[in-house]
Amino acid sequence: MARADMPAATVIDGRSLRLTSLDKVMYPQTGTTKREVLSYYAAVAPYFIAHASMRPATRKRFVDGVGEVGRPGKVFFEKNLGSGVPSWLQRRGIKHSDRVVTYPLINEPAALVWCAQMGALELHVPQWRFEDLSDEVLSEREERRPDRLVLDLDPGEGAGLDACVEVAQLCKAILDDIGLETVPVTSGSKGIHLYARLDGSQTSEQASKLAHTLARALEADHPKLIVSDMKKSLRGGKVLLDWSQNNSAKTTVAPYSLRGTPTPRVACPRQWNEIEPGLAQLEMYEVIERLQTAGDPMSSVGQEPEAPTRAEQPPRRGATERARERAAAGGTRARVQAGEPAEAEQTPVAETARTPGSPGSTLTYRPMHATMGTIAQVRGDGWAYEVKWDGYRAIVTVRDGEVRLTSRNGIDLTKTYPELQELADCVASDCVLDGEIVVIGPGGVPSFELLQDRPGSRTIRTQLMLFDVLEIDGEQLLAAPYRDRRAALEELVRDATHVHVPPPLPGDADAALQQSSDLRLEGIIAKRVDSPYTPGIKSVRWVKLKHVQTQEAVIVGWSPGSGNRAGTIGSLLLAVPENGRLTYIGKVGSGFTDRQLTEALRRLQKIERRSPQVESVPAADARGARWVSPVYVGEVAYAEWTSTGRLRQPVWKGWRPDKKPAQVRREV
């Protein structure tokens, strides 16, 4: 078996690349690996290139990742290409005062993936393009004619994204008046960028003067909100309207570039109807989903992206074959995710890369996630309805007669549930499946409590409920519609003692929800029948509806018990991550068994700390509390959210070892 840090041979549109250190964590807070970064850039390549091609690219390299809060990773800007660059990479030189700097041009998907392979999470470009690929070296002072105008709205200390929203609307009104249609881009860092197309008749100097004039005019009209001077001493509580990035020597982070932030945020083009109070920065999985469902809001400013090419596939029969055909690995994204080997490099490493979901492969899938929704959202044609299981989500890989179970955050569960090796006898092909590990309790109802007790128990047996197929015999089915993947799954898997493919719920949305209630199940998952499988993304094409409201939460402390709980835990203090910080949402003291209280105390005493890592804890709840490092996640049921953002009547359900704190989101 190849080591995870060995290079994978990959071909992208005919360009050969060696991808290394694929399991290196680039964003520790979310556990995002280099493999996921490469897959992101492959997915957005057509859109990125539309806005970055023929522009000299400056790379901001985080070779060992972004680091953690308080301990950032090493980072450096790199302009010149240097040695060891692929011969096919297009480039142009600019003569600066003391030397010639050769810049890469990100004109094709392979160039973008190469940059990411080199640790360049952020890519910055100017507002002008080279006219051609001639060998001529341009002078630094040579006149440039930009094809777009940019304004950078950067909030100072005491201001925030809502203030940038207000300034963006003011800028839009003026630019609309002079005939410049603008597109907003949330920067992925703190602020907003505004882009407008130029016709190329202006020089960079003229574009800078236009932007500077607009900035000074708005500053004069709104002196308490806007500042146009770069001095930090003037920016407190205001938004800097930075006009200077229109200078030919300046660069701006490219649209769809990742940022070196604690989580994998993106400089993401937005629709104007989104630019309102409460706006948030977006992360890479959200961006892929937006592009797949709504396209590129910035298409009016850039070049039209070329559609990815599709590999020719021979005709096949049956549901499995139809799914394979529709999901024929095509375009940059599929080939990078699969780690497709170069034909000339049939090494053991390349052979491993050929089968992405399998043990020893260079790719581990993350499960696709559903959004919370209402019954009104999922009524009508085009939806299928499944049971929402109350268990642990797992990506299941079968290869060479061995079954591997991986949790949603990459934990290997294989040895914990040996009875699920039965799956190897239930399929005739190597495959990658998506499902849920559950324990059926009294009355035939899934029991999350019994699932918590399963490790170490010889009497509690688990069931594997399978509901999707991602890959069969090394061929990805991600792009196939749900209806075809579902048919392929039913054809592929034979039910057994511990392995099942539960049928969809019959009838319409209301009937499905009522049936799940009658069966005392947690709820339903509604899925668009034409939806592709988007790994790691919370998709609006999958919607979950619950009978009982539940919330995952980070444990930040505990209160000592009294009375019959003296000497143990009285309640756990809960929080959720919001805007990079933990926000207190209340405490839970009911729903525990004596054994669970003993286990919780044992866990939490090992990670105690002197001060809380959470904000807004009321004095009454903080009194006597024992604070802990926020490393564990639990789940509670509750009645409702209060007006102050607290959980009303929470009841403990159990620990969520399959979740990391950074993956927790407030469910509303």
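Going by our numbering, the first residue of the sequence shown is number 10, and it counts up by one from there.
Where a beta carbon is used, it is the ideal one built from N, C-alpha and C, also for glycine.
Query	Result
Neighbourhood of P666 by C-beta distance below 6 Å, restricted to the same chain and skipping five residues each side	none
Identity of the residue in I201, C277, G169, R225 nearest K247 by Cα	G169
L591, enclosing beta strand (DSSP E) - first and last residue	590–597
Beta carbon of G167 nearer than 7 Å to that of G245	yes
Separation of A489 from S540, as counted between CA atoms	8 Å
CA-to-CA distance, E228 to A172, given in whole angstroms	14 Å
Beta-carbon proximity list for G122, same chain, < 7 Å, skipping 5 on both sides	One point to set straight first is that residue 122 is Val, not Gly, in the sequence displayed. Counting only Cβ-Cβ distances below 7 Å, and skipping sequence neighbours, we find I21, L26, L47, Y50, A51, V345.
Distance, L267 Cα to G79 Cα	20 Å
Unbroken stretches of the beta strand (DSSP E), 3 residues or longer, contained in the segment 465–524	472–481
Burial state of H556, where buried means 16 or more other Cβ atoms lie within 10 Å	exposed
Cβ-based burial, T29 [other Cβ within 10 Å; buried from 16]	exposed
Bridge partner(s) assigned by DSSP for R402	E445
Where K240 sits in the DSSP three-state scheme	coil
Inter-residue spacing [alpha-carbon to alpha-carbon] between W636 and S620	6 Å
Environment of I616 [buried if 16+ CB atoms lie within 10 Å]	exposed
Secondary structure of V454, DSSP reduced to three states	coil
Backbone CA spacing between L528 and V454 [nearest angstrom]	8 Å
Spatially closest choice to I420 from T602, G663, P376, by CA coordinates	P376
Residues near L610 by beta carbon distance below 6 Å, same chain, minus five either side	T577, I578
Proximity of V660 and A518 at Cβ, strictly below 7 Å	no
Sufficient close CB pairs (3 or more, under 8 Å) joining the segment 286–295 to the segment 185–204	yes
Residue of Q622, I183, Q560 minimising C-alpha distance to A648	Q560
Within 7 Å, strictly: CB atoms of G391 and R494	no
Three-state secondary structure assigned by DSSP to M680	The structure shown does not extend to residue 680, since the chain is modelled only from 10 to 677, so the question has no answer here.
Buried/exposed call for I594, threshold 16 Cβ in 10 Å	buried
Segment contact flag, the segment 418–434 with the segment 392–400, C-beta cutoff 8 Å, min 3 pairs	no
Alpha carbon of L98 to alpha carbon of D163, nearest angstrom	34 Å
Length of the line joining the Cα atoms of A575 and L613	16 Å
Range of the contiguous beta strand (DSSP E) that encloses V549	547–555
Helix, strand or coil at Y112 according to DSSP, with G and I counted as helix	strand
Where W137 sits in the DSSP three-state scheme	coil
Coil, strand or helix - M127 by DSSP	coil
Opening and closing residue of the alpha helix (DSSP H) in which K218 lies	213–230
Endpoints, the alpha helix (DSSP H) within which H105 is located	Premise fails: H105 is in no alpha helix (DSSP H) and is neither H nor E.
Beta-carbon separation (whole angstroms), V134 vs A61, contact threshold 8 Å	5 Å
Closest by C-alpha distance to E480, when choosing among S456, V447, Y542, L243	Y542
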